[in-house]
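Numbering (full-length UniProt numbering), first residue to last: 1 to 441. First the structure, in the form of structure tokens, and then the observations on it.
Here it is as structure tokens:
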């Protein structure tokens, strides 16, 4: 009798162990939680009504806080990037079953940041107050100008490296690169203004077919006791539209006209406004500009990388794109494209036109298509976890899916095949999502 009881008890325990193991295999880790809100060391009590003076003071404090948080974010992101490198390998080893549904890498979740923020360079005054204090002599402002030209041919490349200012490009019919720079320095301490002026400069050189201009930033006695301190270094460039240009800029706006030469952009903490970039080998990288929206009217081919930013494009054609922690809107996607979307508010495409071969991989992000005005295309969609595929509008024709409607049980992986418009099109869109969703509106 005791033997039978022990046998039954042993069988029951074995069943519990097997069930627990099965549950552990089927239960996937939850997506990462958003960061907790920062707690300010000082309370800001807001009245229901502001007078204009109080509102300005509050705005100044918030601007100062934003700059502090921006510098803190840069430091944290760099530390996290170091900690996360190689984590994907360890993760896949210890969570083999989870790896079937997660094909990501944590190493590139945090973008590389190459920035050295000088905390002494700040501006905490409105334009109106700045002009008033400048006129009264409370603030001292000094300006230093620089200008240099190089005769060039069609093979020459213009290279710009700048910080704390805007870069504006203009085109002309001369075989010449011309660069005008205005360096403006201000402080309530004239000694600091002089230190900034003496320590800041623009250097130029030509090596082979590359013409380079580089900004060097000076310090200002550590800014001790200063209420105000500011510098801006603005470039105005004149060049042939067909020459290649390479711009690196931090904390400023880059403005581009129509350019047919290869355009390479590295922009951090700024904003890009570009017209038609018609070269097929462009290379554009934008990061940490989420407070403003960057825009390109036409991106005709090459690499496009958007991280921690808001971005809009008119037409994108033949692109290799990476979008991370961003909100990206594209009016029209054409040609071939390989797109990687991770986290953020995802990717929205208004129209697909002559999309011969579009491949989109998304993790923890939405992919939205407005297919009302799109050309006909075939689609192949695979969703793993997440909310799957939403075709509630009924505008897409589904010709096959797994699991089928007749199959019972739950499957974390689902596939959908079909077409939009007319069947038999040469255009094809392939989408794979992990913990995301695909919407055809």
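Note that beta-carbon positions come from the ideal geometry of N, C-alpha and C, so glycine has one too.
Relative to residue 412, the option among 429, 384 and 196 whose CA is nearest is 384. Around the CB of residue 210, fewer than 16 other CB atoms lie within 10 Å, so the residue is classed as exposed. Rounded to whole angstroms, the Cβ separation of residue 169 and residue 245 is 7 Å, and the two are in contact under 8 Å. Inclusion of residue 291 and residue 313 in the CB contact set at 8 Å is not warranted, their separation being larger than that value. Straight-line spacing of the CA atoms in residue 353 and residue 375 works out to 5 Å. Residue nearest to residue 235 within the set 259, 155, 144 and 196 is 144 (criterion: CA-CA distance). Residue nearest to residue 239 within the set 229, 248, 252 and 260 is 260 (criterion: CA-CA distance). Here residue 410 is exposed: its Cβ has fewer than 16 other Cβ atoms, across all protein chains shown, within 10 Å. A check of alpha carbon separations from residue 378 across 364, 416, 361 and 271 identifies 416 as the nearest. In the three-state DSSP reduction, residue 128 falls in the helix class (H, G or I). The three-state reading of DSSP puts residue 193 in helix, counting H, G and I together.
Inclusion of residue 305 and residue 335 in the CB contact set at 8 Å is not warranted, their separation being larger than that value. In the assembly as shown, residue 281 is an exposed residue. Its beta-carbon has fewer than 16 other beta-carbons within 10 Å.
A check of alpha carbon separations from residue 301 across 328, 325 and 262 identifies 262 as the nearest. In the three-state DSSP reduction, residue 281 falls in the coil class, being neither helix nor strand. For residue 362, the closest alpha carbon among the candidates 395, 251 and 338 is that of 338.
Restricting attention to 386, 344 and 275, the CA atom closest to the CA of residue 171 is found in 275.
The criterion of a C-beta distance shorter than 8 Å is not satisfied by residue 187 and residue 181.
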